[in-house]
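For reference, the structure discussed in these notes is given below.
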Amino acid sequence: MALNNTYDACETYDVCAARSVRQETAVGAGAQVLLLALLGTATGTGTAGWLTGLVFAFASWAVLSRALHRSRPAVFGPANRVTLGRTTLVGGVTALVADSFRGAPPVCLLVGLTAVALILDGVDGRVARRTGTTTALGARFDMEVDAFLILVLSVYVARELGPWVLLIGGMRYVFVAAARVWPWLTAALPPSTARKTVAALQGVLLLLAGANLLPRAADAGVVAVALALLVWSFGRDVRWLWRRSRVPAVPVTATRELVAR
Numbered sequence: 018m019a020l021n022n023t024y025d026a027c028e029t030y031d032v033c034a035a036r037s038v039r040q041e042t043a044v045g046a047g048a049q050v051l052l053l054a055l056l057g058t059a060t061g062t063g064t065a066g067w068l069t070g071l072v073f074a075f076a077s078w079a080v081l082s083r084a085l086h087r088s089r090p091a092v093f094g095p096a097n098r099v100t101l102g103r104t105t106l107v108g109g110v111t112a113l114v115a116d117s118f119r120g121a122p123p124v125c126l127l128v129g130l131t132a133v134a135l136i137l138d139g140v141d142g143r144v145a146r147r148t149g150t151t152t153a154l155g156a157r158f159d160m161e162v163d164a165f166l167i168l169v170l171s172v173y174v175a176r177e178l179g180p181w182v183l184l185i186g187g188m189r190y191v192f193v194a195a196a197r198v199w200p201w202l203t204a205a206l207p208p209s210t211a212r213k214t215v216a217a218l219q220g221v222l223l224l225l226a227g228a229n230l231l232p233r234a235a236d237a238g239v240v241a242v243a244l245a246l247l248v249w250s251f252g253r254d255v256r257w258l259w260r261r262s263r264v265p266a267v268p269v270t271a272t273r274e275l276v277a278r
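According to the numbering used here, the sequence shown holds residues 18 to 278 in order.
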């Protein structure tokens with residue numbers, strides 16, 4: 018009887034898995050709305066902050082749900098749960114930054130949420146590796162959350178230092194757009210500690226500049242260093258991809274002949 022009830026409630030394993038994954042994303046969206054409500058109570062978030070936060074919550078839920086529907090993972094996974102938690106924090110930061118255009122933002126709260134999001138950035142990857150749940154979707158999810166946080170922080174810092182700071186947040190999106198024109202930019206890059214270090218430093222340096230701890234000239238210097246490192250990193254990768262695209266591909270028949278010999 019118990020087996021029959023289980024079968025009736027969930028006809029196939031795939032249906033159960035899909036339902037469980039949808040529940041995970043729904044919980045994430047609910048946590049986002051709850052955080053926005055708490056921020057609204059604590060800081061008196063205005064219309065811009067509320068709308069921006071809600072749009073972020075809906076958009077992130079929709080994009081993630083679509084990606085999960087395409088990849089059809091059996092489980093959501095502990096690492097993705099950590100990344101989903103970071104997404105919630107990034108949504109809170111986004112709402113605070115949007116609200117900062119109408120008045121002085123609660124810097125301590127903004128810095129606190131951002132700092133936790135940056136710390137957790139080093140957690141989800143470790144969790145994925147230790148639990149054996151590393152996936153292409155998880156890596157892409159993590160990367161997109163990182164990129165959006167950097168974009169939001171660059172918008173916040175640009176209010177004080179000028180629009181040139183937006184180059185930091187927009188560089189990856191320009192790269193993605195360029196890849197639609199030049200497909201050779203979509204090739205897989207080799208692992209690089211330098212690339213990971215530069216990417217991690219962007220959030221830290223932007224957060225330092227936005228924390229109002231240093232004189233304006235020092236903040237500008239910190240952000241300029243971040244931008245220089247990012248330009249170097251992207252330039253290095255683009256150069257490698259361009260060189261790789263110039264190497265003629267070995268025909269399949271020729272490869273088989275070489276193997277046979």
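Where is the CB? At the ideal position from N, CA and C, for every residue including glycine.
- Query: How about S209: is its Cβ closer than 8 Å to a heavy atom in the ligand MG?
  - Reply: Because no ligand of any kind appears in the structure shown, any question about the ligand MG cannot be addressed here.
- Message: I'd like the ranges of any alpha helix (DSSP H) spanning at least 4 consecutive residues and lying wholly in the region 95-181.
- Response: Runs of alpha helix (DSSP H) with 4 or more residues, each lying fully within the region 95-181, are found at 95-116, 124-148, 153-178, listed in chain order.
- Message: Can you give me the C-alpha to C-alpha distance between V240 and W181, rounded to a whole angstrom?
- Response: Their Cα atoms are separated by approximately 10 Å.
- Looking only at C-alpha atoms, which of A115, G102, A96 sits nearest to L51? For L51, the nearest C-alpha among the options comes from G102.
- So, are the CB atoms of A121 and L68 less than 9 Å apart? No, they are not a contact pair.
- Can you tell me whether R189 is buried or exposed, with buried defined as 16 or more other CB within 10 angstroms of its CB? Note on R189: 16 or more other CB atoms within 10 angstroms of its CB, so buried under the neighbour-count rule.
- Message: Could you check whether D141 and G155 sit closer than 9 Å to each other, using their CB atoms as the reference points?
- Response: It is a contact, given that the beta carbons lie within the stated cut-off.
- Local conformation of P232 per DSSP, three classes: The three-state secondary structure of P232, taken from DSSP, is coil.
- Query: Whose CA, out of A91, G186, G109, lies closest to the CA of L55?
  - Reply: In this structure, G109 is the residue among A91, G186, G109 with its C-alpha nearest to the C-alpha of L55.
- Message: Measuring straight from C-alpha to C-alpha, what distance separates T111 and G70?
- Response: Just so you know, the alpha carbons of T111 and G70 end up roughly 6 Å apart.
- L225 versus C33 - alpha carbon distance: Pairing L225 with C33, the inter-Cα distance amounts to about 45 Å.
- Task: Name the two residues that bound the continuous alpha helix (DSSP H) containing S209.
- Result: Under the DSSP assignment, S209 falls outside any alpha helix (DSSP H); it carries neither an H nor an E label.
- For W249 versus W201, is the C-beta distance shorter than 9 Å? No, they are not a contact pair.
- Task: Within the same chain, show all residues whose beta-carbon is closer than 6 Å to that of L170, passing over the 5 residues directly before and after it, in chain order.
- Result: Cβ within range, chain order: L223.
- Between R39 and V80, what straight-line distance do the alpha-carbon atoms span, to the nearest angstrom? About 12 Å.
- Query: Does the beta-carbon distance from S82 to T104 come in below 9 Å?
  - Reply: Against a cut-off of 9 Å, the Cβ pair of T104 and S82 comes out as no contact.
- Going straight from the alpha carbon of G139 to that of A65, what length do you get? A65 has its alpha-carbon roughly 31 Å from the corresponding atom of G139.
- Task: Return the chain-ordered list of same chain residues with a C-beta closer than 7 Å to the C-beta of R261, the five sequence neighbours on each side being excluded.
- Result: Only A204 meet the Cβ criterion.
- In the structure shown, what three-state DSSP assignment does R89 receive? Correct three-state label for R89: coil.
- Item | L230 classed as buried or exposed, judged by whether at least 16 other C-beta atoms fall within 10 angstroms | Under this definition L230 is an exposed residue.
- Assuming V144 and V107 form a contact by the criterion Cβ under 8 Å, report the distance between their Cβ atoms to the nearest whole angstrom. Taking a contact as a CB-CB distance under 8 Å, the pair V144 and V107 does not count as one, their CB atoms being some 18 Å apart.
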